[in-house]
Each structure stands twice: as C-alpha cells, then as structure tokens.
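In what follows, a single structure is set out as structure tokens and then discussed.
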Amino acid sequence: MKYNLLFFLLILLSKYSFSQILPSYHAVHHKPGIINDNLILHLDASDPNSLDPNDLSVWNDLSSSNNDLSQFSGSVVYSDNWGGSLVFDNDLYKRDSDLNNMSSTNITISMWIKTTDQNCLLAALSRSKGSTGYYYEFILHIPSDENGEFRFWDFKTKNSNPKYGFHTNGSKNNLSKTIVNDDTWKFITFTKNNLTGKYYVNSSLDETATAHTNVNYGHDNFLIGKDWRDGGSAFNGSIGAVYLYTKTLSLEEITQNYNATKSRYEN
C-alpha cells in the first residue's frame with residue numbers, strides 16, 4: 085500500500101512538472117509566422133510555390149487573393165543566395181488586371197530589398213497607360229533628390245485640390261530617416277491609416293508623415309521594379325519578398341513579420 089501511494093505521488097509530481105515545463109518550452113521554441121490577416125499579396129522568391137527558379141515568367145501570390153504577377157520586360161535573374169531572391173536590372177513584374185480584394189483606405193506595403201540604387205521605383209499601383217488620364221496611384225521609391233532614403237508618394241487627379249496625398253512640398257517628413265541603399269538587406273515598410281503614414285526599417289519606426297488629402301487608390305497595374313508608364317526609374321538590386329495588406333499593421337505586427345523572415349537575410 086505504501087509503495088502504491090509513493091508511485092502515485094511520483095506520477096502526479098511528474099505530470100505537474102511537465103505541465104509547467106511545456107509552456108516554457110513552447111514560449112522559447114515556437115516562432116510565429118507572418119501576419120496573414122488582410123494579406124492580399126505575398127510574393128516570396130525563396131518559396132517554390134511562389135517562384136519557380138527555372139521559370140521566372142510568373143511570380144505567384146502566396147496569399148488567398150491570387151494576385152499573381154507576370155514578368156513584363158527585362159531578363160531578371162534568380163539567385164539562390166540568402167535562400168532565394170530576384171536580381172533586378174531594368175526588369176519589371178506587372179499585374180494588368182485589378183488586384184483582388186484591394187482596399188483604398190488603409191494599407192501596409194513591405195519589401196525585403198538589397199540595393200545601392202539612388203533613383204528607382206520599388207512598387208506602384210494604378211500606373212495605367214492610356215488617354216483617360218492617371219488617377220489614384222501610389223509609388224514606393226528611392227528618389228533621386230535624396231540620399232538613399234525611401235518615400236511613399238500618392239496622387240489623386242490633375243484637377244484635384246490638393247492633387248497629392250503623401251508628398252514632399254518642401255517637407256522632409258515624408259521620407260524615411262534611414263538610408264536603405266547601402267547594399268545590405270533591409271525590411272522596409274510603409275503603413276497608411278487615412279492621413280497618417282509611418283515608415284519602418286526592419287523592426288523600428290523610422291518616421292511619421294501626414295498626408296495633405298486621402299487618396300482612394302485604383303486597383304489595376306500593380307508594378308514591381310520599373311516605372312512602366314513613364315519609363316525609367318528602373319530598380320537595380322535584389323528583392324526577396326513583397327507583402328501588401330489592406331490594413332495598417334502595428335509595430336508589433338511588423339516586428340513579427342521581420343522576426344519570422346529575417347534569418348535568411350542575415351549576413
């Protein structure tokens with residue numbers, strides 16, 4: 085009887101100890117993935133479900149929105165360095181049709197980039213070509229009139245007053261503080277919440293900007309790598325991944341995305 089009681093106590097103690105250890109183990113070893121809520125575009129050069137290294141004609145969207153992009157011009161090169169990336173040199177990926185599930189109010193756009201370029205377009209929306217005019221567009225770029233920082237710029241119509249949402253107009257606030265063209269991998273992010281814009285580099289808030297007006301974006305002609313409409317501003321460098329959300333991610337969520345993906349970009 086005494087031994088049975090001792091055996092029962094040992095089992096009880098072992099179960100209690102295991103239940104205390106298990107949450108601690110998971111807390112240390114469980115690594116959250118990227119945020120998927122309101123993710124409408126997810127391109128990842130390291131994932132063969134997104135990009136076939138032997139066929140670069142299509143960059144497939146890993147989100148549930150099916151917003152695949154096609155190689156429109158150039159001869160982009162695949163590199164298996166850093167787990168997989170695309171090396172751009174006057175190349176363009178483009179989606180002609182509307183982005184599925186695109187929202188015009190709050191957005192977040194993030195990219196893993198590595199470049200020394202001084203004047204280039206990273207991504208843009210609603211850059212259609214035609215005689216009907218250009219409306220409700222945005223551009224994420226490294227502008228030639230700065231020192232390697234990145235900027236988000238958007239535009240309503242030529243007859244609007246004001247025409248521009250996030251724009252310079254002599255203000256240095258609508259620009260990241262951190263230089264991102266130093267030939268090291270950077271996780272760059274811009275978030276828009278109506279008139280408030282925020283720039284992030286890696287997992288840090290870099291700058292806050294205020295728009296002159298709210299721009300409700302179009303849905304077509306999403307571009308990566310080059311200004312298809314006006315020509316020029318081609319991106320030269322590497323892109324590892326692209327994320328577009330129809331929500332304003334918080335610093336905690338951006339940090340989660342950064343931590344979930346940074347290991348392959350660390351030198």
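The sequence shown begins at 85 in my numbering and counts up by one. Note that the Cβ used here is the ideal one computed from N, Cα and C, for glycine as well. Note that this is a predicted model, so its numbers are computed, not measured.
Residue-level contact to chain B via CB, residue i, 8 Å cutoff
{"i": "GLY309", "result": "Within the model displayed, chain B is absent; a lone protein chain is all it includes."}
Backbone CA spacing between residue i and residue j [nearest angstrom]
{"i": "TYR329", "j": "GLU350", "result": "25 Å"}
{"i": "ASN343", "j": "PHE271", "result": "10 Å"}
{"i": "VAL142", "j": "TYR284", "result": "29 Å"}
{"i": "GLY281", "j": "ASN300", "result": "14 Å"}
{"i": "GLU233", "j": "ASP136", "result": "31 Å"}
{"i": "ALA325", "j": "SER334", "result": "19 Å"}
{"i": "LEU422", "j": "ASN298", "result": "Given that the chain is displayed from residue 85 to residue 351, the structure contains no residue 422 and the question cannot be resolved."}
{"i": "THR268", "j": "HIS296", "result": "33 Å"}
{"i": "GLY167", "j": "VAL161", "result": "14 Å"}
{"i": "LEU170", "j": "ARG348", "result": "14 Å"}
{"i": "SER188", "j": "ASP139", "result": "33 Å"}
{"i": "SER181", "j": "ALA293", "result": "30 Å"}
{"i": "GLU221", "j": "LYS178", "result": "15 Å"}
{"i": "SER215", "j": "GLY315", "result": "Residue placement at SER215 is poorly supported in this model, since its pLDDT is 46, which falls under 50; the coordinates are not used for a value here."}
{"i": "ILE118", "j": "ASN341", "result": "5 Å"}
{"i": "ASN165", "j": "PRO246", "result": "45 Å"}
{"i": "ASN305", "j": "GLU336", "result": "31 Å"}
{"i": "LYS310", "j": "ASN174", "result": "7 Å"}
{"i": "TYR327", "j": "SER228", "result": "24 Å"}
{"i": "ASN286", "j": "ASN265", "result": "14 Å"}
{"i": "THR345", "j": "PRO116", "result": "10 Å"}
{"i": "HIS251", "j": "ASN120", "result": "29 Å"}
{"i": "LEU224", "j": "TRP237", "result": "7 Å"}
{"i": "GLU288", "j": "THR339", "result": "A small fix is needed here, since residue 288 is Ser in this sequence, not Glu. Approximately 8 Å, taken between the alpha carbons."}
{"i": "ASN144", "j": "ASP152", "result": "5 Å"}
{"i": "ALA355", "j": "ASP131", "result": "Here the chain covers residues 85 to 351 and nothing more, so residue 355 does not appear."}
{"i": "GLY249", "j": "LEU259", "result": "13 Å"}
{"i": "LEU106", "j": "LYS276", "result": "Because LEU106 carries a pLDDT of 43, less than 50, the predicted location of this residue cannot be relied on, and no value is offered for it."}
{"i": "GLY302", "j": "SER159", "result": "28 Å"}
{"i": "LEU176", "j": "ASN203", "result": "15 Å"}
{"i": "ILE226", "j": "LYS240", "result": "21 Å"}
{"i": "THR332", "j": "ASP290", "result": "16 Å"}
Cross-strand partners of residue i (DSSP beta bridge)
{"i": "ASN320", "result": "ASP173"}
{"i": "ASP136", "result": "ASP139"}
{"i": "GLY281", "result": "LYS276 and ALA293"}
{"i": "PHE271", "result": "TRP196"}
{"i": "LYS178", "result": "SER154 and LEU307"}
{"i": "ILE191", "result": "LYS276"}
{"i": "TRP237", "result": "ILE223"}
Residue i in three-state terms, based on DSSP
{"i": "GLN340", "result": "helix"}
{"i": "SER244", "result": "coil"}
{"i": "LEU224", "result": "strand"}
{"i": "ASN165", "result": "helix"}
{"i": "THR199", "result": "strand"}
{"i": "THR345", "result": "helix"}
{"i": "LEU259", "result": "coil"}
{"i": "LEU205", "result": "strand"}
{"i": "SER334", "result": "coil"}
{"i": "LEU123", "result": "strand"}
{"i": "SER288", "result": "strand"}
{"i": "TYR301", "result": "coil"}
{"i": "ALA129", "result": "coil"}
{"i": "VAL326", "result": "strand"}
Whole-number beta carbon distance between residue j and residue i, since they are thought to touch under 8 Å
{"i": "ASN185", "j": "SER149", "result": "5 Å"}
{"i": "LEU65", "j": "SER163", "result": "The chain is shown from 85 up to 351; residue 65 falls before or after that span and cannot be answered."}
{"i": "PHE156", "j": "TRP312", "result": "7 Å"}
(message) Below 8 Å, how does it come out for the region 192-199 and the region 310-321: are there three or more Cβ pairs, yes or no?
(response) yes
(request) Would you be able to state if there are at least three C-beta pairs under 8 Å between the region 115-128 and the region 176-195? (result) The region 176-195, when compared against the region 115-128, does touch it at the 8 Å Cβ threshold.
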